[in-house]
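Enquirer: So that we are looking at the same thing, I have put the structure below in structure tokens.
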Amino acid sequence: MIFSKILIRWYSNNKRELPWRLTKAPYYIWLSEIILQQTQVNQGLPYYISFTEKFPSVFDLAKADESDVLKLWQGLGYYSRARNLHAAAKYIVKELRGEFPNSYKDLLKLKGVGDYTASAIASICFNEVTAVVDGNVYRVLSRYFGVDTPINSSKGVKEFKALAQELIDKKKPADFNQAIMEFGATQCKPKNPDCNVCPFNKGCIAFNKNIINKLPVKIKSAKAKNKYFNFLVFISEDGKTVLEKRENKGIWQNLYQFPLIETNANVDINTLKPLIKEHDLIKGMPFELSLYNKDIIVHKLSHQHLHTRFWVVNVNRLKDKSISTNDIHNYAVPILIGNFIEAFNF
DNA sequence: AACACGGGGAT
DNA sequence: ATCCCAGTGTT
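In structure tokens, the structure reads:
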């Protein structure tokens, strides 16, 4: 039997029940695909539920404020997905009168939609024969066909896309695409794949040459850099504090944080005090400084290790820009800040 | 081509 | 520790 037939049969017997598999409405498929980029099903699932509840249609999403979209996205990471999602919703409503793009080519014009997502939506919603290539597909194909081209090289990207496009079931592109991803996610896993019960083990090159753990080949990325963050948790006698919006490019764009002093290394209270004394928010005012977390919190991102200390700065009163500590939960914050807010219990 | 972009889970 | 995750955008 040919590859796609075996795969689709496996899928019909083994697929998980997931909410986005109950619909073919492009808005919902799009939502699920954006949420699931670089995100495991278990992590993305509650966000899919809350987004479909709060924004049942692309019109609801388009008319929301970005701050509300980011608040709902809080904790999921890769926040450009939320910003692009919102921008694309506004584009669909304004420029396309709410009619969702219905081809790979037009889907690609949406912010945050690249080759993978355009292929997924086009195939699932419109039966377009466009093969998806995600992390699962790289793994399944590299192992079965014994392809050792690095998956994150430009050559590899083209090669695997062409191979997937060759294999896809022209009559059932939606099933094929979802099947190969589901197969990679639940059976042909990175570690300890279930080769003993695999319907492909007879023909799988990696299995038969015993090189399962050598494939796929991936070029290693640079190591994470250390950064040293000192967050200033101002507290005034009338129960106010300060949050600032991160406007710049980089991590956490458009999310909120406590005023930040970044240093080249961990600093103690004596080093930090003069810096705070000159801080715009309290220049010339008396203050008391204390360290909240004795143990440095190391928040690990893909490319940065954030060595973090929270400093409580008690002051008499705060100028403008301050907010009531009662309102602090209304702001979208990175999980690092969110965990502090929860522990500090304002 | 190389890098930035989060947070959680598995090993 | 290290790798991976229904990838995309920028430089």
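Converting from the first sequence to our numbering requires adding 2 to each position, the first position being numbered 1. Beta carbons are placed, not taken as given, at the ideal position from N, Cα and C, and that holds for glycine.
Taking all protein chains shown into account, do 16 or more other C-beta atoms lie within 10 angstroms of the C-beta of residue 99, making it buried, or fewer, making it exposed?
Expert: Stepping through the first sequence from its first residue, residue 99 is reached at position 97. Under this definition residue 99 is an exposed residue.
Enquirer: Counting only runs that start and end within the segment 115-149, where is the alpha helix (DSSP H) found for 4 or more residues in a row?
Expert: Here the runs fully enclosed are 117-128, 137-147.
Enquirer: To the nearest angstrom, how far is it from the Cα of residue 32 to the Cα of residue 50?
Expert: Sequence index remark: in the first sequence, residue 32 carries index 30 (1-based). Sequence index remark: in the first sequence, residue 50 carries index 48 (1-based). Rounded to the nearest angstrom, the two C-alpha atoms are 11 Å apart.
Enquirer: So residue 180 packs on residue 13, CB below 8 Å; how close in whole Å?
Expert: Counted from its first residue, the first sequence places residue 180 at position 178. Counted from its first residue, the first sequence places residue 13 at position 11. Sure, about 7 Å apart at Cβ, within 8 Å.
Enquirer: Kindly confirm or deny that the segment 92-108 and the segment 17-26 touch, where touching means at least three C-beta pairs closer than 8 Å.
Expert: No, the segment 92-108 is not in contact with the segment 17-26.
Enquirer: What's the gap between the Cα of residue 316 and the Cα of residue 255?
Expert: Here residue 316 refers to the residue found at position 314 when the first sequence is read from its first residue. Here residue 255 refers to the residue found at position 253 when the first sequence is read from its first residue. Looking at the two C-alpha atoms, the distance is approximately 28 Å.
Enquirer: Could you give the residue range of the beta strand (DSSP E) that holds residue 229?
Expert: Here the question's residue 229 lines up with position 227 in the first sequence. Per DSSP, residue 229 belongs to the beta strand (DSSP E) from 227-238.
Enquirer: Using DSSP's beta-bridge definition, name the partner residues of residue 289.
Expert: Indexing the first sequence from 1 puts residue 289 at position 287. Answer is 317.
Enquirer: From the DSSP output, in three-state form, read off residue 162 for me.
Expert: Walking along the first sequence from the start, residue 162 turns up at place 160. Reduced to three states, the DSSP call for residue 162 is helix.
Enquirer: Starting from residue 344 and walking both ways along the alpha helix (DSSP H), at which residues does that stretch end?
Expert: The residue labelled residue 344 in the question sits at position 342 within the first sequence. Run containing residue 344: 337-346, per the alpha helix (DSSP H) assignment.
Enquirer: With burial defined as no fewer than 16 other Cβ atoms inside 10 Å of the residue's Cβ, what is the status of residue 34: buried or exposed?
Expert: Residue numbering aside, residue 34 sits at position 32 when the first sequence is read from its first letter. Buried is the call here.
Enquirer: In the DSSP assignment, find the unbroken alpha helix (DSSP H) run with residue 35 in it and report its ends.
Expert: Working through the first sequence from its first residue, we reach residue 35 at position 33. Taken as a continuous stretch (DSSP letters only), the alpha helix (DSSP H) holding residue 35 covers 28-37.
Enquirer: According to DSSP, simplified to helix, strand and coil, what is residue 311?
Expert: Translated into positions along the first sequence, residue 311 becomes position 309. Three-state result, residue 311: strand.
Enquirer: Which whole-angstrom value is the C-beta distance of residue 182 and residue 9, which I expect to be below 8 Å?
Expert: Locating residue 182 in the first sequence gives position 180, where the first residue counts as 1. Locating residue 9 in the first sequence gives position 7, where the first residue counts as 1. Going by Cβ atoms, the distance from residue 182 to residue 9 rounds to 6 Å, so yes, they are a contact pair.
Enquirer: Can you tell me where the beta strand (DSSP E) holding residue 262 begins and where it ends?
Expert: Here residue 262 refers to the residue found at position 260 of the first sequence. Element bounds for residue 262: 262-265.
Enquirer: How would you call residue 384, buried or exposed, if buried means at least 16 neighbouring beta carbons within 10 angstroms?
Expert: As displayed, the chain neither begins before 3 nor continues past 348, which places residue 384 out of reach and without an answer.
Enquirer: How about the segment 58-72 and the segment 36-49: do they share at least three Cβ pairs that are nearer than 8 Å?
Expert: No, because fewer than three Cβ pairs between the segment 58-72 and the segment 36-49 fall closer than 8 Å, the two stretches do not touch.
Enquirer: Check whether the Cβ atoms of residue 320 and residue 277 lie closer than 8 Å to each other.
Expert: Counted from its first residue, the first sequence places residue 320 at position 318. Counted from its first residue, the first sequence places residue 277 at position 275. Not in contact: residue 320 and residue 277 (Cβ atoms no closer than 8 Å).
Enquirer: Residue 281 by DSSP, collapsed to three states: which one?
Expert: To locate residue 281, count along the first sequence from 1; it is residue 279. If DSSP states are grouped into helix, strand and coil, residue 281 belongs with coil.
Enquirer: How many whole angstroms separate the CB atoms of residue 265 and residue 230, which I take to be in contact at a CB cut-off of 8 Å?
Expert: Translated into positions along the first sequence, residue 265 becomes position 263. Translated into positions along the first sequence, residue 230 becomes position 228. Sure, about 5 Å apart at Cβ, within 8 Å.
Enquirer: Shortest alpha-carbon distance to residue 294 belongs to which of 58, 92, 270?
Expert: Counted from its first residue, the first sequence places residue 294 at position 292. For residue 294, the nearest C-alpha among the options comes from 270.
Enquirer: In angstroms, rounded to a whole number, what distance separates the CA positions of residue 125 and residue 78?
Expert: For the purposes of this step, residue 125 is taken as the residue at position 123 of the first sequence. For the purposes of this step, residue 78 is taken as the residue at position 76 of the first sequence. Approximately 26 Å, taken between the alpha carbons.
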